[in-house]
Amino acid sequence: VDWDREFGTHEPTYYRWTQWLFLKMFERGLAYRREAAVNWCPSDATVLANEQVVDGRCERCGAEVEVRQLEQWFLRITDYADRLLEDLAKIEWPEHVKTMQRNWIGRSEGAEVVFNCAELDVDYPVFTTRPDTLFGTTFFVMAPEHPDVLKLAAGTDREDEVRAYVNRAMTESNDLRGSADRPKTGVSLGRTVTNPVNGEQIPMYVADYVLMEYGTGAIMAVPGHDERDHAFALAHELPIKRVIADAEDGELPYSGDGALVACGSEFDGTPNREAFEQIVASLDREGKGHSSVNYRLRDWLISRQRYWGCPIPIIHCGDCGAVPVPEADLPVVLPELDDYTPKGKSPLASAEDWVAVKCPSCGKDAKRETDTMDTFVDSSWYYLRYCDAGNDTAPWDKDVVDSWMPVSQYIGGVEHAILHLLYARFWTKAVHDMGLISFDEPFAKLFTQGMITRDGSKMSKSKGNVISPRKYVEDYGADTARCYVLFIGPPDQDADWSDEGVEGVHRFLSRLWRLAEELEPGTGGIHQPAGLDGASLTVVRKANWAIEKVTSDMAGRFAFNTAISAVMELINECYRLRAGCEEEALRFAAITAASLVFPFAPHLGSEVVDRLAGVRIWEEPWPDADPEMLESDTFELVCQVNGKVRDRVEAPSDASEAELIALARGAENMRAHLDGKETVKEVVVPGRLVNIVVR
7 VDWDREFGTH EPTYYRWTQW LFLKMFERGL AYRREAAVNW CPSDATVLAN EQVVDGRCER
67 CGAEVEVRQL EQWFLRITDY ADRLLEDLAK IEWPEHVKTM QRNWIGRSEG AEVVFNCAEL
127 DVDYPVFTTR PDTLFGTTFF VMAPEHPDVL KLAAGTDRED EVRAYVNRAM TESNDLRGSA
187 DRPKTGVSLG RTVTNPVNGE QIPMYVADYV LMEYGTGAIM AVPGHDERDH AFALAHELPI
247 KRVIADAEDG ELPYSGDGAL VACGSEFDGT PNREAFEQIV ASLDREGKGH SSVNYRLRDW
307 LISRQRYWGC PIPIIHCGDC GAVPVPEADL PVVLPELDDY TPKGKSPLAS AEDWVAVKCP
367 SCGKDAKRET DTMDTFVDSS WYYLRYCDAG NDTAPWDKDV VDSWMPVSQY IGGVEHAILH
427 LLYARFWTKA VHDMGLISFD EPFAKLFTQG MITRDGSKMS KSKGNVISPR KYVEDYGADT
487 ARCYVLFIGP PDQDADWSDE GVEGVHRFLS RLWRLAEELE PGTGGIHQPA GLDGASLTVV
547 RKANWAIEKV TSDMAGRFAF NTAISAVMEL INECYRLRAG CEEEALRFAA ITAASLVFPF
607 APHLGSEVVD RLAGVRIWEE PWPDADPEML ESDTFELVCQ VNGKVRDRVE APSDASEAEL
667 IALARGAENM RAHLDGKETV KEVVVPGRLV NIVVR
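If you want the numbering used here, it's the position in the sequence shown, counting the first as 1, plus 6.
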């Protein structure tokens with residue numbers, strides 16, 4: 007570890023450059039402020055980004071999230087949506103993480119279609135991925151947050167009812183509102199719009215199942231071919247039309263392919279996928295619509311009403327608006343506060359002397375921005391600062407960063423797939439476009455580790471299921487505790503803690519130590535003995551196989567569990583053949599096992615190598631497999647009956663399947679399990695095993 011590169015993202019020497027980079031984004035229009043419906047955590051008394059809301063609750067404290075209208079700062083991550091999608095092809099990441107990012111960005115191809123409200127002479131565009139169903143539109147729905155909802159209801163007998171509905175809907179989270187199982191509520195706006203493809207007047211509604219953050223915040227409702235629209239139509243007794251034929255003439259709603267029907271137009275009988283293009287072209291010619299692309303991704307909301315965060319370097323002036331803090335005045339340092347607990351507004355607002363400043367542009371009285379940045383902003387670029395941590399004139403030197411980056415291998419939890427990992431990719435692309443770096447992806451390779459659970463649940467103090475390593479270190483030693491954590495399962499998957507598993511690893515390490523104790527101490531270094539045959543040759547071959555296997559498993563795949571398993575196999579082979587094995591062959595195998603297990607059980611590994619070879623393992627090179635020992639005229643054939651190992655025999659490497667079956671059937675311990683039984687099938691895995699299934 008190079009401690010000269012140590013820093014904390016909470017330190018002014020770091021967040022000075024977070025503020026500097028924010029101002030660069032502000033200059034380029036990537037940072038902006040607007041009023042928006044935001045996720046509000048009533049417990050933390052702060053705003054949450056969409057990515058920080060899980061199942062309608064705050065990811066930090068679990069409180070049910072509300073929706074409020076507030077002035078907030080955003081970063082325009084949507085400008086990079088296509089590049090964030092396309093460049094996934096450039097990086098070696100797990101496919102499930104790429105899929106999570108693709109789904110979060112949510113690129114949809116379709117059309118923007120204009121519906122006109124003749125009473126107010128206002129056009130309302132909607133985005134749809136199914137323009138082929140336009141003829142089946144029987145009503146029009148707007149999100150409660152849509153800025154025109156209350157205007158449309160004004161002056162109608164629905165005004166009070168609409169206002170009450172909107173206020174109620176605004177307190178509910180998007181996850182709850184979007185739930186497929188939830189009853190579809192809504193209120194008529196007392197207005198109509200014109201369906202642009204057939205001129206029909208259809209009623210307008212406000213309903214909470216429509217979200218402002220999708221498309222334009224309004225939808226054309228096609229109850230014959232959409233489940234949520236169908237549920238709403240049934241609840242409010244609205245017409246339901248079939249305009250795409252189902253080959254089986256099944257129940258509605260039908261979302262599959264088929265020919266258009268009952269449209270009363272030239273499109274009747276046209277396959278819907280062809281009609282898709284034709285209808286959009288027709289709308290385009292008439293100025294009523296056009297092809298469009300929509301994204302699920304929304305701009306990154308970075309405002310937080312917390313003390314603990316990087317101050318946003320903006321000054322608000324009554325005449326000049328939002329004015330950047332001059333670079334010479336950076337960093338804007340957090341003031342000392344007696345009380346910074348959440349109260350529904352930014353704690354910094356109480357620091358009156360800190361808030362009151364002069365406008366850098368006109369010199370008049372002004373106020374500092376009192377929101378702080380989401381702490382994910384700080385972590386979106388720390389990897390760049392590591393390359394040039396001591397630089398006090400810039401966040402980094404371009405040549406220095408270009409020589410180090412991108413990160414070759416990143417290891418982190420999958421829970422960051424649509425948070426830190428997505429933000430870091432956006433940030434890297436943004437500073438690349440500013441000319442500050444020469445690469446546009448931060449992490450070339452990604453490995454996501456799993457989680458160790460207890461009784462199938464995530465460990466937490468509140469559940470009382472946290473495992474303390476101290477107990478296992480005291481009972482079994484640090485090597486066993488460490489080795490078991492790495493052996494417990496595939497490192498990219500969750501695994502459940504097992505005390506029996508700990509005991510199993512302890513037995514394995516104890517067997518290695520006993521084997522070393524049975525051999526005479528040595529001081530001759532590490533050497534592979536020559537001129538061996540029989541059991542001695544088999545053991546040395548197994549040691550070389552283990553070297554090859556462990557090296558392969560550890561290099562890039564992080565398959566520590568199978569690496570440790572390979573060492574276990576080697577120790578088992580030593581015990582199985584030790585009676586007919588020369589001491590030097592066993593010595594080499596034990597030293598090899600200790601060398602290979604050293605990264606996982608360093609205390610035991612170093613002691614065994616020191617005892618048997620008289621060398622310090624950490625001064626020795628990693629073992630290399632002898633290619634000649636990996637090539638063999640024979641191999642150990644595992645013989646199974648109904649999947650259970652009954653014997654092992656030597657078999658020629660070039661033996662045919664028939665010869666391998668014959669060898670297995672002739673093995674001494676196999677015959678007792680085969681005699682008098684009917685053979686169902688014989689399974690041969692070349693070079694490994696024969697399994698005979700009987701009944």
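Don't be surprised by glycine CBs; every beta carbon is placed ideally from N, CA and C. Treat the numbers as computed from the prediction; the structure is a model and nothing was measured.
Item	Value
Bridge partners - Ala224, DSSP secondary structure assignment	Met148
DSSP three-state assignment for Arg63, whether helix, strand or coil	strand
6 Å Cβ shell around Arg234 - same chain, five flanking residues per side excluded	Tyr215
Reduced DSSP category for Asp616 - H, G, I as helix; E, B as strand; rest coil	helix
Residues near Asn300 in its chain [Cβ-Cβ closer than 6 Å; skip 5 each side]	Ser114, Phe133, Gly221
contact_flag[the stretch 267-282, the stretch 240-252] where n(CB pairs < 8 Å) is 3 or more	yes
Counterpart residues of Gly327 in DSSP-defined beta bridges	Cys323
Complete alpha helix (DSSP H) runs within the stretch 567-649 (minimum length 4 residues, chain order)	589-603, 608-619, 633-636
Enclosing beta strand (DSSP E) for Leu258 [first to last residue]	Segment: none, Leu258 is in no beta strand (DSSP E) and carries neither H nor E.
Local conformation of Cys489 per DSSP, three classes	helix
Runs of beta strand (DSSP E) wholly within the stretch 108-174 (minimum 3 residues, chain order)	113-123, 128-134, 145-148
Identity of the residue in Asp163, Gln207, Leu258, Leu156 nearest Ala213 by Cα	Leu156
Exposed unless 16 or more other CB atoms sit within 10 angstroms - verdict on Gln415	exposed
Those residues which DSSP pairs with Thr685 across a bridge	Val700
Beta-carbon contacts of Arg279 that lie in its chain and below 8 Å, excluding the five residues immediately before and after	Asp138, Asp263
Residue from Arg74, Ser356, Val413, Arg488 whose Cα sits closest to the Cα of Glu151	Arg74
Range of the contiguous beta strand (DSSP E) that encloses Trp9	First-last for Trp9: undefined, no H or E at that position.
Among Val228, Leu36, Ser194, Ile285, nearest to His242 - alpha-carbon criterion	Ser194
Residue burial classification, Trp306 (beta-carbon count within 10 angstroms, cutoff 16)	buried
Nearest to Val700 (by Cα), restricted to the options Arg291, Phe382, Val689	Val689
Within-7 Å CB hit, Val203 to chain D	Looking for chain D here will not work: only one protein chain is present.
Residues near Phe593 in its chain [Cβ-Cβ closer than 6 Å; skip 5 each side]	Before going on, a small fix: residue 593 reads as Arg here, not Phe. Contacts found: Leu525, Leu618.
CB-CB length for Cys645 against Ala673, believed under 8 Å	5 Å
With 16 other Cβ atoms within 10 Å as the buried cut-off, status of Glu656	exposed
Beta-bridge partners of Asp653, as assigned by DSSP	Cys645
Cα-Cα separation, Ser662 to Ala668	10 Å
Status (buried if at least 16 other CB within 10 Å, exposed otherwise) for Asn45	buried
Paired residues, beta bridge with Asn45 - DSSP	Leu54, Val73
Paired residues, beta bridge with Gln207 - DSSP	Thr200
Which of helix, strand or coil DSSP assigns to Val216	coil
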